[in-house]
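**Student:** Let me begin by handing over the structure; questions about it come next.
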Amino acid sequence: MTRALLSMAAILAWIVSANAQAPAPITLDELERLALASHPSLAAASATIDVARHAAAQAGSWPNPSVSYVGDEIARGPINRGGEHGVVVDQRIPLGGKLRLSRRAFEAGIGEAEAGRDRARLQVLAGVRVAYHMVVAAQLRLDVRRNLATLAAEAGRVSAQLFNVGAADRPDVLVAEMDASLAGLDVVEAESALARAWTQLAAAVAQPRMPQRAVAGAAGDALPELPRDETLAAALAASPELAEARAAVTRAERELAVARKVTSPDLLLKGGPRYNRELLEPDNRPVGLEWAVEAGLTIPLWDRNHGGIAASSSRIAAARAAVAALELKLIDRYAALYDDYRTARRRAEVYRSDILPKATEAYQLYLARHRAMAASYPQVLMTERALFEANERYLAALEQVRTTAVSLTALLAEP
Numbered sequence: 097m098t099r100a101l102l103s104m105a106a107i108l109a110w111i112v113s114a115n116a117q118a119p120a121p122i123t124l125d126e127l128e129r130l131a132l133a134s135h136p137s138l139a140a141a142s143a144t145i146d147v148a149r150h151a152a153a154q155a156g157s158w159p160n161p162s163v164s165y166v167g168d169e170i171a172r173g174p175i176n177r178g179g180e181h182g183v184v185v186d187q188r189i190p191l192g193g194k195l196r197l198s199r200r201a202f203e204a205g206i207g208e209a210e211a212g213r214d215r216a217r218l219q220v221l222a223g224v225r226v227a228y229h230m231v232v233a234a235q236l237r238l239d240v241r242r243n244l245a246t247l248a249a250e251a252g253r254v255s256a257q258l259f260n261v262g263a264a265d266r267p268d269v270l271v272a273e274m275d276a277s278l279a280g281l282d283v284v285e286a287e288s289a290l291a292r293a294w295t296q297l298a299a300a301v302a303q304p305r306m307p308q309r310a311v312a313g314a315a316g317d318a319l320p321e322l323p324r325d326e327t328l329a330a331a332l333a334a335s336p337e338l339a340e341a342r343a344a345v346t347r348a349e350r351e352l353a354v355a356r357k358v359t360s361p362d363l364l365l366k367g368g369p370r371y372n373r374e375l376l377e378p379d380n381r382p383v384g385l386e387w388a389v390e391a392g393l394t395i396p397l398w399d400r401n402h403g404g405i406a407a408s409s410s411r412i413a414a415a416r417a418a419v420a421a422l423e424l425k426l427i428d429r430y431a432a433l434y435d436d437y438r439t440a441r442r443r444a445e446v447y448r449s450d451i452l453p454k455a456t457e458a459y460q461l462y463l464a465r466h467r468a469m470a471a472s473y474p475q476v477l478m479t480e481r482a483l484f485e486a487n488e489r490y491l492a493a494l495e496q497v498r499t500t501a502v503s504l505t506a507l508l509a510e511p
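Put into structure tokens, the structure is as follows:
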């Protein structure tokens, strides 16, 4: 007896220890922090910004000079004595603010890359939030199916007891047993769906090997309320895709300014020292060290970059049209999403406040009457199936409300 008590105490202690070690449900905030800290698409977007910054710095650099050897009047003779030898340095100096304009054009590329990073961040967060709500819905669906499986098993036991006392027919018992088995299969299906949803969530936060655990969230959480016009205006104002498209317009406008200055004159300087060995000085001495300097300008005589200017102007028109087209696409996507959101929200409200309470009460009444031998099992089964369908549709509506709300507030043309 003492050994048995000790064994039971050890088992209870193990259960308590296991429960104590179970991790707390992970929250949406924690999942978002994980994603922002480790998602590779954000690292790639940051690297793209660095590329744009380095390119802008390089765009403002002066052209390199060239250095060459020069020799003149190289001949033997009593006077020439090998001629003149020296070094020539060539330097082109861009005029008209070309370097400044070129750097400004590339700096617009920095703004475009930063908007791309914001878009990537929004995509990551939206993906995490959608996956999170799918896991919450899968958890709730599993809980509901387990409860229904318990109820089906209880109804089966009641039918068996009634059959044993002659108050129920054998077909009722068989139907009850079959129903309990089907409810068990529904539980297995829900467990698989939860595992799949968790895998998708782990991938969304860039932690594919994260062990499965509970996610904080409940069916009774308040439904998001999103006014149509205000939500659309806020989504368009904060849209990183529109910001990225507008940055492309700015870059195209600055590239046009560069194209207009491409053929403006540049200053060309050339010069350097040389040593003249010719004996042309008094006392039969060589001329010695000399300097040569040249200066000139490029002349836009043949190439005035008309084609480049026209192409840049066309790029501006294309970029502006792309902004307008993107805004229309976002509005169109918003309209479809909002219709789904509004319908699902209304459905969830009706199921929560009206249909589910009635379906639950009807099932409980028929089950009680079945226990009291006042109702047949098919009546219990009918209300049980109605309760199951009501719960399934309610949870589907909840999931759609929350996922479409994420898509509405994080409006993306290409989610």
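Under the working numbering, think of the first position of the sequence shown as 97, with each following residue one higher. C-beta atoms are modelled at their ideal positions from N, C-alpha and C, and glycine is treated no differently. The structure presented is a predicted model; accordingly, all values stated were derived computationally and were not measured.
#1: Does the distance between the C-beta of Leu463 and the nearest non-hydrogen atom of the ligand NAP fall short of 7 Å?
#2: Leaving out the 5 sequence neighbours to the left and right, which residues in its chain are closer than 8 Å to Arg416 when beta-carbon positions are compared?
#3: State the DSSP-derived secondary structure class of Val269, mapped to helix, strand or coil.
#4: Are the CB atoms of Val354 and Leu297 within a distance shorter than 8 Å?
#5: Give the C-beta separation of Gly205 and Arg411 to the nearest angstrom, bearing in mind that I take them to be a contact with Cβ-Cβ under 8 Å.
#6: Does DSSP classify Val166 as helix, strand or coil?
#7: Quick check on DSSP: helix, strand or coil for Asn372?
#8: Quick check: Ala506 and Leu221, are their CB atoms within less than 8 Å of each other?
#9: My output table needs one value for Leu393: the three-state DSSP class, helix, strand or coil.
#10: Can you tell me the Cα-Cα spacing of Thr295 and Leu138, whole angstroms?
#11: Alpha carbon to alpha carbon, what distance is there between Ala440 and Ala493?
#12: Does the structure place the stretch 234 to 249 close enough to the stretch 203 to 218 that three or more beta carbon pairs sit under 8 Å?
#13: Just the Cα atoms here: how many angstroms apart are Gln235 and Ala310?
#14: By how many angstroms is the C-alpha of Leu290 removed from the C-alpha of Leu238?
#15: On a CA-only basis, which of Val163, Val283 and Leu364 is nearest Ile395? Give me that one, please.
#16: Look up Val184 in the DSSP assignment and give the residues it is bridged to.
#17: To which residues of the same chain is Ala391 closer than 6 Å at the C-beta, ignoring the five residues directly before and after it?
**Tutor:** Let me lay it out:
#1: Absence of the ligand NAP from the depicted structure is noted, as is the absence of any ligand whatsoever, leaving it without description.
#2: Apart from the 5 residues on each side of it in sequence, Arg416 sits with its Cβ closer than 8 Å to the Cβ of Val345 in its chain, given in chain order.
#3: Val269: helix per DSSP, three-state reduction.
#4: For Leu297 and Val354, no; Cβs fall outside 8 Å.
#5: Contact check for Gly205 and Arg411: beta-carbon distance about 13 Å, past the 8 Å limit, so the pair fails to qualify.
#6: In this structure, DSSP gives Val166 an extended state, which the three-state scheme calls strand.
#7: Looking at Asn372 - three-state DSSP - the assignment turns out to be strand.
#8: Contact: yes.
#9: DSSP places Leu393 in the strand class (E or B) of the three-state scheme.
#10: Spanning the two alpha carbons is a distance of roughly 20 Å.
#11: If I take the Cα positions, the gap works out to 5 Å.
#12: Cβ pair count under 8 Å is below three, so no.
#13: Distance between the alpha carbons of Gln235 and Ala310: 8 Å.
#14: Whole-angstrom Cα-Cα distance: 8 Å.
#15: Nearest of Val163, Val283 and Leu364 to Ile395, Cα basis: Leu364.
#16: DSSP, once it has assigned bridges, lists Ser164 as partnering Val184.
#17: Counting only Cβ-Cβ distances below 6 Å, and skipping sequence neighbours, we find Leu365.
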